[in-house]
Each structure stands twice: as structure tokens, then as C-alpha cells.
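Okay, structure first, notes after.
In the working numbering, the protein residues as written are 1 to 176.
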């Protein structure tokens, strides 16, 4: 009985520490990846600015989730161009382009699970010799839940590889 009580209090202390440390962790995350593409900025920008092309270069496509359904809202490029999707592997989400400076910058608002999780993504396009350096970033809030803040520590490892694969796909498409 004494051992059981020690185990119970030990577990209680571990849970309390997990929650306390979680409350002290940052309430936001940010990740970023870059690649140099051997194509002019206007060409690379044009691919990213058209939401219909995302199927051809991002990892979140029909290869990852063959049952995914995409819906485009309004135009497929330009300010307020929007896209929503639903699938068993990619979940439910929406994206709207919010700011464009051709051919230098593009930002979008991203929402998952009917607005439960939100972030802001950005692309920067800079001349790099005869090509373009593309920097893709994503930043968002983690809320007050200590468990979500723990997840924030791993967002770079969770999403970063998908950004790297997406930029590699963009590079392949733009250099054709």
C-alpha cells in the first residue's frame, strides 16, 4: 500500500510538472525553409500565387491523400483567392491569400479543423544570381493549453520536412 501511494504521488508530481512547464513554454511557433530555384522570380511567384498549382508541388496532395477533396473559392490567384480541403490524412482546412506584392511577397491565412488551429504563411522571393531564393515560413499561436505548447517545441520537425519537400517540388516545376 505504501508503494502504491508513492507511485500515485510520483505520478501526480510528474503531471503537475508537465503542466507547469507547459504553461511556461512559448505560446507561438515559427518555422522557415528556403531554396534557390533556377528560374526568374516572376515565374516562381506565378506558380505559388495560383492555388490550383499547389497540387503539383506541395506534399499535401492526392498522392498523400487520394480521397482528398479540394474546393476553390473565388479566383484561384490574387488577393482573396481561397481554397478549402478535406481528407482522411490531410484533415479539414482552409487557406486564403491575404497579401501580394508581385513578384516579391505572398502571404496567406491558414485554418485547420474549422478554425480551431490558425497560422499565417509567407513566401518571399528574392533574386539570387540568375535564379530566385524562395523562403517559405509559417507562424501561429498555440493557445493556453499546456499540451499544445509542448507540441510547439516540435512544430519545426513536424512541418519542416513537408516544407522542404514542397520547395523541392516547386523547384522541379519551376525549372522545367
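Don't be surprised by glycine CBs; every beta carbon is placed ideally from N, CA and C.
Task: 3 or more residues per run - each beta strand (DSSP E) lying fully within the stretch 67-131 - done: Here the runs fully enclosed are 69-73, 82-87, 91-101, 105-112, 117-128.
Task: Presumed contact (8 angstroms Cβ cut-off) between residue 93 and residue 112, rounded CB distance - done: 5 angstroms
Open item on the list: By DSSP's criteria, residue 148 is part of a beta bridge. Which residues make up the other side?
Closed with: Answer is none; residue 148 lacks a bridge partner.
Task: Candidates 130, 114, 106, 127: closest to residue 120 by CA position - done: 106
Open item on the list: Between which residues of its own chain and residue 99 is the CB-CB distance below 8 angstroms, once the five residues before and five after are set aside?
Closed with: Excluding the 5 residues flanking it on each side, residue 99 has same chain C-beta neighbours closer than 8 angstroms at 79, 105, 106, 107, in chain order.
Task: residue 175 in three-state terms, based on DSSP - done: coil
TODO: Within its chain, find whatever has a CB closer than 6 angstroms to the CB of residue 148; leave out the 5 residues flanking it on each side and keep chain order.
DONE: In its chain, beyond the 5 residues on either side, 142 have a beta carbon closer than 6 angstroms to the beta carbon of residue 148.
Open item on the list: Assuming residue 31 is part of the beta strand (DSSP E), what are its boundary residues?
Closed with: First-last of the beta strand (DSSP E) with residue 31: 28-37.
Open item on the list: Is the separation between the beta-carbon of residue 45 and that of residue 102 shorter than 8 angstroms?
Closed with: yes
TODO: Within its chain, find whatever has a CB closer than 8 angstroms to the CB of residue 82; leave out the 5 residues flanking it on each side and keep chain order.
DONE: 51, 72, 73, 74, 94, 95, 96, 97
Open item on the list: In the DSSP output, what is residue 135 paired with across the bridge?
Closed with: 34, 124
Open item on the list: Given this structure, state the Cα-to-Cα distance separating residue 14 from residue 33, to the nearest angstrom.
Closed with: 35 angstroms
Task: Reference residue 67; option with closest CA among 171, 90, 157 - done: 90
Task: Candidates 171, 16, 4, of which the one nearest residue 146 by Cα - done: 16
Task: Nearest candidate by alpha-carbon position, reference residue 61, set 37, 47, 87, 38 - done: 87
Task: Cβ neighbour criterion (16 or more within 10 Å) applied to residue 140 - done: buried
Open item on the list: Only counting the same chain, and skipping five residues up and downstream in sequence, which positions put a Cβ closer than 7 angstroms to that of residue 155?
Closed with: 29, 31, listed in sequence order.
TODO: Output the distance between the C-alpha atoms of residue 2 and residue 18, rounded to the nearest integer angstrom.
DONE: 24 angstroms
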